[in-house]
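The structure under discussion appears below in the form of structure tokens.
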Amino acid sequence: MKRNIIGSIFQNIFVASFFLSQIVIGKMVAQTTMIEGYIVDVLKGDTIPYASIGLVGTSMGTSADEHGYFYFAFSDLKDTLEISAVGYKPFLQRVQIGKSQLLTIRLENVVVDLQTFVVRPARYRNRSNPAVDLVQKVIAHKAANRIESHNFYQYEQYEKMTLALVDVPIKVKNGRLLKNVKFFFADADTASIKGKELIPAYQKETATEVYFRKSPNTKTTIVRGTKHTDWVGAFDDNGVAAYLKHLYIDADIYDNEILLFKKAFLSPLSPLSPQLYRFYILDTSIVDGQRCINLAFFPRSKTDLTFKGNLYITDDTTYAVRKVEMSIPGNININFVNGLNIIQNFDLLPNIGWNLVRDEVSINFLGGDDSTKTFGVYGKKTTFRKQFVFDQAANTEFYRSDQAIVKIADADKQPDSFWSTFRQEPLSISEQVVYAKVDSLTKTADYKLFVGWKYFWTTGYWKNKGLEFGPFGALYSHNALEGGRIRLGIRTTYGLSHHWRAEGYSAYGVLDKKWKYSVALTYQINDNFFNNRPQNAFHLWLLNDVEVPGQTLENVSGDNVLTSFSRGKFDKMYYKKAVGINYINENNAGVTYQIGLQHRQLTPAGSLGFELMGLDYPTKIKHLTTNEATVNLRFAPNEEFFQGQTFRKRIVNKYPVFGLHYTYGIGSDGAANTFKYHNFSADVFKRFFIAPLGYTDVRLDVGRIFGNNLPYPILHVFQANQTMNYEQFALNQMNYLEFISDKYVCLNVEHAFDGFILNKIPWVKKLKLREYTMFKAAYGGLDTVNNPLINPSIYRFPTDANGQSLTYNFNQQPYLEVGFGIGNIFKLLRVDLTRRLNYLDHPDISKWRIQGEILFSF
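Residue numbers for the sequence shown follow this note's numbering, so the first one is 158 and each next one is one higher.
Structure representation (structure tokens):
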């Protein structure tokens, strides 16, 4: 569950502000040749869409768009372009080196006879289509051509990632706020993207060694060196690197689906590709001396999460991929991205096969493409591999099952001599100066002021030396018990102490006229940021606040104005006083365990009461006290976070997350106001990517509580939600305290189509909306000894003003609800309509309900 909607918004804005705040690439060393123009039919004069343009003798090239327009810039000394398109004769065009040229290239229509493959311009179909036959042969040979077909492999890898601001407005550069940092905008790069000015901003280099073993399957990356621009105080490099890595995920053309921007794109080499792609054999091409078949592919629907581009397939019996050039269609439902291009080159190793040696991914964010004049961000990641060794086992220490990425101690301190040796491509002049320019910028007073405001808008906290005040999104909220709730928090920073952290808040309820507070102290044993992995810390806290039974403030209620609006008036809460201590330890393999102790005192408030039935009349209980020992285990393999010095946000990927939890109630059977019990629970979450239909999130929770005569606050209260804010893992149509059990199971399934349906409806598709469906089920039961309807010696369930119970047992059917949602409204808002399917005779329920949620996503 989200801890705080406002906090989530701030964290998401942090992602956007990163791109908007990065201010890569300078002047190119070599002369740049810039070519643009149209590809047309020599007889009809019609433009030819999706033609392939390549620079002869190199692996560089591009493709025309759906209107036949192309733009191509390069710094090589080669001067001949090869242009090809399905059903047309290949054409060679000489160009002038180092100049900008506007060309109209005319192709001659012809029947292409390529050995056994014959292509004639005709209505497209899969049956008897040689291009589809070729794709299916490539798919059939995927296993043999993948690098994972070897029992062992290892190689060196060099990765360079760069970001640049595109077309920063002159008013901004010359404005008063930036008058002291104008040097940062000098030496702009005007060659990488036609008509665009790029301002160097962020750069990171990584040198690694990769070791793979098939059985048992392990893949370990040893980070030998890292070097990056250091935006001191503005961004945490570990978190930024994790998020960028998620955007620039290593695309494997042989995978059935390729994950980009948290979305699953269908690969052109998926077994399903003939149903969603159109394939054409263009001609044969010589790629670095290798004869290849140029296979063009285009999506059948321009709105599906697919690619367009060219595959160069070896013209032999291996049917291996020699080169890939592909991009995303312009009409797909992606926010803040105007273009993406992927170019991959494979080399033949003697007696081994074809292996990826160069991978280039470039993304145009927020208007940074070549078709608009708006401000944007341009990013590029280039990866090189060399020194391959196959089918030879390395030392066993290189095959780590407990840690996928191992960073050596001095990786951030490698000398220039190391990089001169490890770099597989020298830095350009602009790439060399970006480190120094950013270093100079971060030392200015204007930059430090910017850091303060940026931190405030993205976290909700205001920094003042070693303290932070906030979050201001929680300054005011409202509930039925407190009325208006005013709260202000304070916490120390990593800059004040690397090991100790204190935080707390004070809140006041206008209606109940009571002060609440929370104080916490954390001691971090290792020298790490408080939220960064791996954690190794002790945590002590003291709490005095109000809470809905079973619905902690961390889950649904929240302390912010957005969750203050709810369905119906609900004031059945209790005041909670608690003190506790726990120890948390986690490692880089994704294993986390916590052990702790907690003392709680619960005092009923509002219309809630703690009552024992008795023989003649109910006995009201003033307090309920528990003492608990807890053990929690969590396993999240290959988990990544977008994190800063004070927060952590999980990046959801395809790997599952498992949790095991145990609570021991320390007490004596039959002793007054003490309770002895054992609470076991487990949960699992998994996201299934189903290209191109979106993804499905599945979460399963199960639990069992053992004990006698237990009051309902100790039992399992199902996570209901009466606020107007939609919660993915809550039962949004269930009332608070409606169902209570000591054994339970809860299933939550939500599928995001990512616009697969709505993007095919005329007019509607222009809005780029996204559809969601969900199904939720919950079931449980109560032992006789814990059921106040049968056992009158325990606390009775909450009742309404007429003494009617508001809490129920499940009969022979589970609670069910379904729903449908529309998201990406104005790129931020999601609205859900949910339907409750059963238990419709319970009071104060509604069959239908509309809720909203603020989301930021690509």
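Glycine is no exception: its CB is placed at the ideal position from the N, C-alpha and C atoms. Since the structure is predicted, the reported quantities are computational estimates derived from the model, not experimental observations.
Same chain, Cβ closer than 7 Å to residue i, five either side skipped, listed in chain order
i, result
"Gln-549", "Phe-309"
"Gly-661", "Gly-646, Ile-647, Tyr-674, Ser-675, Val-676 and Ala-677"
"Gly-851", "His-908, Ala-909, Phe-910, Asp-911 and Phe-913"
"Phe-846", "Glu-414, Leu-416, Ala-421, Lys-811 and Tyr-852"
Cβ neighbour criterion (16 or more within 10 Å) applied to residue i
i, result
"Val-667", "exposed"
"Pro-583", "exposed"
"Ala-602", "exposed"
"His-873", "buried"
"Lys-779", "exposed"
"Pro-357", "buried"
"Glu-785", "buried"
"Arg-542", "buried"
"Asp-203", "exposed"
"Ser-950", "exposed"
"Lys-806", "buried"
Which residues DSSP lists as bridging residue i, in chain order
i, result
"Pro-761", "Tyr-731"
"Gln-258", "Ile-192"
"Phe-455", "Arg-435"
"Trp-1005", "Arg-992"
"Thr-219", "Ile-210"
"Asp-840", "Gly-816 and Asp-858"
"Gly-635", "Just to set this straight, residue 635 is His in the shown sequence, not Gly. His-635 pairs with Gly-641."
"Pro-357", "Ala-321"
"Ile-499", "Met-483 and Val-518"
"Trp-672", "Tyr-665"
"Glu-554", "DSSP, once it has assigned bridges, lists no residue as partnering Glu-554."
"Arg-927", "Gly-980"
Cβ neighbours of residue i in the same chain (closer than 6 Å, five flanking residues each side left out)
i, result
"Thr-930", "His-908 and Phe-977"
"Phe-547", "His-307, Tyr-310 and Ile-509"
"Val-595", "Thr-386"
"Lys-376", "Phe-369"
"Glu-796", "Gly-747"
"His-298", "Tyr-476"
"Thr-378", "Thr-365, Val-367 and Ile-562"
"Lys-459", "Pro-486 and Asn-488"
Whole-angstrom distance between residue j and residue i, CA atom to CA atom
i, j, result
"Leu-439", "Asn-451", "6 Å"
"Gly-218", "Leu-990", "48 Å"
"Glu-239", "Gly-211", "5 Å"
"Phe-626", "Gly-737", "24 Å"
"Gln-168", "Tyr-618", "Its pLDDT being 44, under 50, Gln-168 is placed unreliably in this model, and the value from its coordinates should be taken loosely. Cα-Cα distance, rounded: 12 Å."
"Thr-383", "Thr-540", "14 Å"
"Ile-415", "Pro-431", "17 Å"
"Lys-811", "Thr-474", "34 Å"
"Phe-754", "Leu-997", "Note on residue identity: the sequence assigns Leu, not Phe, to residue 754. Leu-754 and Leu-997: Cα-Cα distance of roughly 40 Å."
"Glu-517", "Gln-708", "48 Å"
"Val-181", "Arg-1006", "Reliability of the predicted coordinates at Val-181 is poor, the pLDDT of 31 falling under 50, and the value obtained from them is presented with this limitation in mind. Between Val-181 and Arg-1006, the C-alpha separation is close to 48 Å."
"Ile-138", "Ser-634", "Outside the displayed range of the chain (158 to 1015) lies residue 138, so it cannot be described from this structure."
"Met-191", "Tyr-228", "7 Å"
"Phe-579", "Tyr-315", "7 Å"
"Thr-787", "Ser-519", "48 Å"
"Gln-758", "Phe-767", "12 Å"
"Leu-915", "Arg-992", "21 Å"
"Gln-581", "Asn-882", "51 Å"
"Met-483", "Lys-900", "52 Å"
"Val-514", "Tyr-535", "23 Å"
"Thr-273", "Val-921", "Unreliable positioning characterises Thr-273 in this predicted model, as indicated by a pLDDT of 45, which lies under 50. A coordinate reading is not provided."
"Asn-712", "Pro-428", "Reliability fails at Asn-712, whose pLDDT of 36 lies under 50, so the model's placement of it is uncertain and the value that follows must be treated cautiously. Each residue's Cα considered, the two are about 41 Å apart."
"Tyr-834", "Pro-955", "22 Å"
CB-CB length for residue i against residue j, believed under 8 Å
i, j, result
"Pro-849", "Leu-462", "4 Å"
"Asn-664", "Ile-741", "The identity of residue 664 in the sequence shown is Ala, whereas the question assumes Asn. The pair is not a contact, with the Cβ atoms about 26 Å apart (cut-off 8 Å)."
"Ser-424", "Asp-407", "About 13 Å separates the two Cβ atoms, so there is no contact after all."
"Phe-418", "Ile-491", "6 Å"
"Ala-631", "Arg-644", "5 Å"
"Tyr-207", "Lys-465", "7 Å"
Residues near residue i in its chain [Cβ-Cβ closer than 8 Å; skip 5 each side]
i, result
"Thr-189", "Ala-230, Phe-231, Ser-232, Gly-255 and Ala-348"
"Ala-551", "Phe-309, Gln-311 and Tyr-368"
"His-999", "Asn-892, Glu-895 and Tyr-965"
"Ala-839", "Phe-815, Gly-816, Leu-817, His-818, Asp-858, Val-859 and Gly-860"
"Gly-640", "Gly-666, Val-667, Leu-668 and Asp-669"
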